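As structure tokens, the structure follows; a few thoughts come after it.
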Amino acid sequence: MSEMKTIHSLEELEELAEVLREEQKSKSRITVCTGVACSSLGSEELAKELSEESKNLENCEVKKVGCKGLCALGVLVEDDKNMYHSLKKDDAKNLLAMMEGTQESSEYILSKDIPFYSKQKKIVLENAGYIDPDSLDDYIAADGYKALFSAISDMERSEVIDEIKKSGLRGRGGGGYPTGLKWSTVEKAIGDQKYVICNADEGDPGAFMDRSVMEADPHRVIEGMAIAAYAVGANKGYLYIRAEYPLAVKRIKLAIKRAEKFGLLGENICGSGFSLKLDVRLGAGAFVCGEETALLSSIEGKRGTPTPRPPYPAESGLWGKPTLINNVETYANIAPIIRNGGDWYAKIGTESSKGTKVFALTGQIKNSGMIEVPMGITLEQIIFEIGGGMALGREFKAVQTGGPSGGCIPRDHLNLEVDYENLKSVGSMMGSGGMIVMDESSKMVEVAKFFMEFCMSESCGKCVPCRVGTVQMYEILKKISKKDGTRKDLALLEELCDVVRNTSLCGLGQSAPNPVVSTLRFFKEEYENLLVESRCHISISKEA
Amino acid sequence: MYVRPKPPSDDKRFKQLMREMKRHGYARNSLIEVLHSAQEAFGYLEDEVMKFVALSLQLPLSKVYGVATFYSFFTLKPQGKHTCVVCTGTACYIKGADRIMESIENEYGIKDGDTTEDDELSLLSARCFGSCNLAPMAIIDGEVAGYLDEDKTLKWLKGVLYV
Amino acid sequence: MATKQVKTLKIDGMDISSIQGSSILEVAREHDIYIPTLCFVEGLCAVGSCRLCLVEIEGSGKLLPACTTQIYEGMSVITNSEKLLKYRQMILSLMFAERNHTCAVCVSNGHCDLQAMLQILHMDHIKVPYMFPRLKVDATHDRFVMDHNRCILCSACVRVCDEIEGAHTKDIEGRGIKSNIITDFAQNWGDASSCTTCGKCVQVCPTGALSEKGKAVSEQLKRRSFVSYLKSMREDVL
Ligand SMILES: Cc1cc2nc3c(=O)[nH]c(=O)nc-3n(C[C@H](O)[C@H](O)[C@H](O)COP(=O)(O)O)c2cc1C
Ligand code: SF4
Ligand code: SF4
Ligand code: FES
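Residue numbers (the numbering used here), protein chains in the order written: chain S, 87 to 630; chain H, -6 to 156; chain P, 8 to 245.
The structure is reproduced here in structure tokens:
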């Protein structure tokens, strides 16, 4: 890297990539997962030991990489041939012996043919777990920044947008708004200054896809943003990242610095006159700031309260200027689409939802971890094939998607093909991609109460229905779960759900009733069994 | 021209904070970034610090206070010597985060957000660190403690407190 | 300056034309069509927070606040329907239940916008349980009193103090149900050095939350026309 200079053209970039790939081929590589889960199991120590121990091996390189996905079986390490699992921090010597074939390894080798890997399709995560997130070389060797440079040098802005439109990509931040359409609105909006923003607030509790993408492959997000900025005509951008993700912040900041140093960001990129300055802004623990207008207020240094839309940020966003806001995963899809073409992408997925989706699979499931699957895969395949079924041998009860804005899907709908519309049709939503599997021990009223408590304490307090309505609903749920609720309380709860959903100012309030509505739809008997009246009824009939 | 205020004391951390504000060009919209730096330097947002920030950035006092109290990442109370942040996100909740919280509350007689009287331990909660695979988990003095149960949590705390 | 375009639309079936950039509420008021409001004050930025002015737009399932939604060509607005009334009644119920509105002992009894809204929406009871929070009364200011029990967090006082008076003495602390109006550093109003004692906040407050000291209940009538007057004066200067 030291002899690397500013890259001025696509040709220079491709040449460099070729050189770097040759260099990599000449070495054997051991990659150690240092994602959150593996780190907490001592993967950092293991990586250090491995480097020490392998020092005198010729042409061997130990790399710390981002999350390899199957967190439940950490620490994961991979060499050119095999993936090894369930390693401990002091396993370095054993592992090297296994790799050399001088030690029995079968119980540590993880076949790549298991459904956990074979049923996945990696686009967003294609580099995750293979490249060193802090190395620009690694990213360039993996065709990094090629899409940006070819867009700038060979494509008109409108062509870039057309390609995204063709791909059918929809926003991965929850709403599923067509990305190409959003880009063209911003492109058409009149303004001397435009902004691009990456929404990395990932507030949905139980979701960590965006975090993993930023930690495992930060340049991919930056490249996506840069292509977007070129397409819509923006020269300044912000990544709004949760303060709870310090490592992601560090990696993204470093990636920006490196990209700037080599002319991949900054002034006059690729000699085209196109410039882009990116900056990081920290969130500060407010779920509502994931909502785009609240996010804008927060970047402006204010209380993160949403403002009514219209006007949409595309027309009047940051400081009143046209602003493009997309999610981390949305941006992470852009470079591959430009590299391989929109048609290629549109071949994956369902009629209405194209491409893949990354999910954070957690809860009472065996293979908890991070997965990327094609749209249209069924819930059953995700949970029982990729996920390996329920942990502790318990019965499946429901799967929660969409976080506090989503719902619980019962076993009758396990054959549902996952896409935006289908999830909505069963009262849930795609959301950002948290998927929490619950077994028979979960009580649905408690689950609804949990999410309502969340919405209540995350409400910004600006509008009445959400500020007061969520508290009223929470109190009723509390009453019912303590077996103090009556049929009248339940009726009031249902009325409140309707009012809060239809009258709240922003998406937080509008979707806050969803977990209640969905559990009422599929598990109403659990509510009714807790009502006080039914007990009264019995006691009266006894007396009579 | 507006004369920016002098730091209220010659505590080095104020100098540091001034440099940070200067780096942002004293832009009013950098308030949240500046509060982050202030909290990092001082451990929490003291009144004196917030007032200094307000004056330096030429922002109304009520606005700074309003922003600082809107975001739950900011704390206006000093923290204990040790902190335990229990994750109360969905995955952790499903796996019993509430019981872990309760066991700490009972053992140390403090509630979520409180600090023990002897300033040893502050108990906090947070919504999801994105480490759901380790559920239920907590962050104790900056270190990730995963796959917790009541016993394991209390043992872990005993290992760091009063030593 | 370019002349503003005229847009034609329907409100409650009536054909209306008005200039581009006007809000539904402004246009409705020009034509004496009543839409209930509590957080809107003429001359201050509209925030759309009380949600009482929600109206239906034909062909769109979503309800939109009349105070912040601009008119567009061909839109058809319904300002009153059974559905809207039902929603408005519940929203007003939520407002009443949030804090302690005991009208009989309130300084604004008889000329309070919140109280009047009960009649306008034909309500004789509140649909949700009262929450009875314990809140303070700040009587430390020489001339004014802030009774948090009566506050509906409409933010009119915050806006007038910032946008018109330019003092920004008031703001909101906390979030969600813990939101609260503060003066300066969340200190007693009497100690808030930025307050100019202009009293504009008292005038725009729709309830008895802000009142003048030493005035009888009958004298607590509020005057608001100064806000749009001052705003237009200021625009002329600029
Ligand atoms: C309460 C609330 C929270 C949200 N949180 C997030 C979030 O954490 N991350 C995100 O990307 N989008 C979030 N969104 C969606 C954003 O408002 C916005 O639609 C999205 O960032 C647009 O990007 P996309 O088109 O790429 O999905 C949230 C929306 C609401 C209403
Ligand atoms: S719906 Fe809730 S979060 Fe959204 S503006 Fe209203 S109070 Fe704030
Ligand atoms: S004090 Fe009055 S004007 Fe201010 S927010 Fe409360 S009700 Fe509105
Ligand atoms: S007047 Fe429009 S929301 Fe209050």
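Built from N, CA and C at the ideal position, the CB exists for glycine as well. These numbers come from a predicted model, not from an experiment.
Remark: the shortest separation between the CB of R258 of chain S and any heavy atom of ligand 1 falls under 6 Å. For I26 of chain P, the enclosing beta strand (DSSP E) covers residues M21 to I26. According to the DSSP assignment, M130 of chain P belongs to no alpha helix (DSSP H), since it is labelled neither H nor E. Taking a Cβ-Cβ cut-off of 9 Å, the neighbours of I184 of chain P in chain S comprise M542, S543, S545, G547, R553, V554, T556 and V557, given in sequence order. For chain P, the residues of the region 587 to 618 of chain S that bring a beta carbon within less than 8 Å of one of its beta carbons are N588, T589, S590 and L591, in chain order.
With a cutoff of 7 Å on beta-carbon distance, L154 of chain H and L114 of chain H are scored as near each other. As computed with DSSP, F482 of chain S is found in a beta bridge with S:D525. Restricted to the region 314 to 376 of chain S, the beta strand (DSSP E) segments that are unbroken, complete and at least 3 residues in length are 322 to 327, 352 to 355 and 360 to 368, listed in chain order. Taking a Cβ-Cβ threshold of 8 Å, the residues of chain P close to L578 of chain S are K134 and V135, in chain order. Here I195 of chain S is exposed. Its C-beta has fewer than 16 other C-beta atoms within 10 Å.
Closer than 7 Å at the C-beta level to chain H, one finds these residues of the region 115 to 137 of chain S: V122, A123 and S126. Per the C-alpha coordinates, the member of P:C52, P:S56, P:L128 and P:G66 positioned closest to E89 of chain P is P:L128. When secondary structure is reduced to three states using DSSP, G435 of chain S falls in the strand class. Secondary structure note for T76 of chain P: it is in no beta strand (DSSP E), with a DSSP letter that is neither H nor E.
Secondary structure within the region 149 to 220 of chain S: the alpha helix (DSSP H) runs of 4 or more consecutive residues, fully enclosed, are 178 to 186 and 201 to 204 (chain order).
If you draw a straight line from the Cα of D525 of chain S to the Cα of L576 of chain S, it comes to about 25 Å. Within chain H, no residue has its CB atom less than 8 Å from the CB of L325 of chain S, the nearest being about 13 Å off. The beta carbons of T108 of chain H and Q72 of chain H sit about 6 Å from each other, so the pair counts as a contact at 8 Å. The C-alpha of V523 of chain S lies about 49 Å from the C-alpha of D169 of chain P. Within chain S, no residue has its beta carbon less than 7 Å from that of C119 of chain P; the closest one is some 17 Å off.
Residues of chain H whose Cβ lies closer than 8 Å to the Cβ of L368 of chain S are, in chain order, I25, E26 and H29.
When DSSP assignments are scanned along the region 567 to 593 of chain S, the uninterrupted stretches of alpha helix (DSSP H) that are 4 or more residues long and fall wholly within it turn out to be 573 to 589. The three-state reading of DSSP puts Y281 of chain S in strand, counting E and B together. Contact annotation: the region 119 to 129 of chain H touches the region 442 to 454 of chain S, with at least three C-beta pairs closer than 8 Å. A distance below 7 Å separates the beta carbons of I40 of chain P and T86 of chain P. Inter-segment contact for the region 139 to 159 of chain S and the region 297 to 313 of chain S is present: three or more beta-carbon pairs are separated by less than 8 Å. Across the structure, I469 of chain S and D290 of chain S are spaced so that their CA atoms are roughly 20 Å apart. M476 of chain S sits in a strand when the DSSP states are folded into three classes. The Cβ neighbour count for T416 of chain S, taken over all protein chains shown within 10 Å, is at least 16; the residue is labelled buried. Interface residue (Cβ-Cβ distance to chain H less than 7 Å): S172 of chain S is not classified as such. Shown here, N508 of chain S sits in a helix according to DSSP, grouped into three states. In terms of CA proximity to P422 of chain S, S:N213 leads the group S:N213, S:L127, S:K322 and S:L563. Residues of chain H whose Cβ lies closer than 7 Å to the Cβ of T442 of chain S do not exist, since the nearest Cβ in that chain is about 20 Å away. K222 of chain P sits in coil when the DSSP states are folded into three classes, being neither helix nor strand. Around the beta carbon of Y613 of chain S, a 10 Å sphere encloses 16 or more other beta carbons of the protein chains shown; the residue is thus reported as buried. Taking one beta carbon from each stretch, the region 198 to 218 of chain S and the region 465 to 483 of chain S have 3 or more pairs nearer than 8 Å; the two touch.
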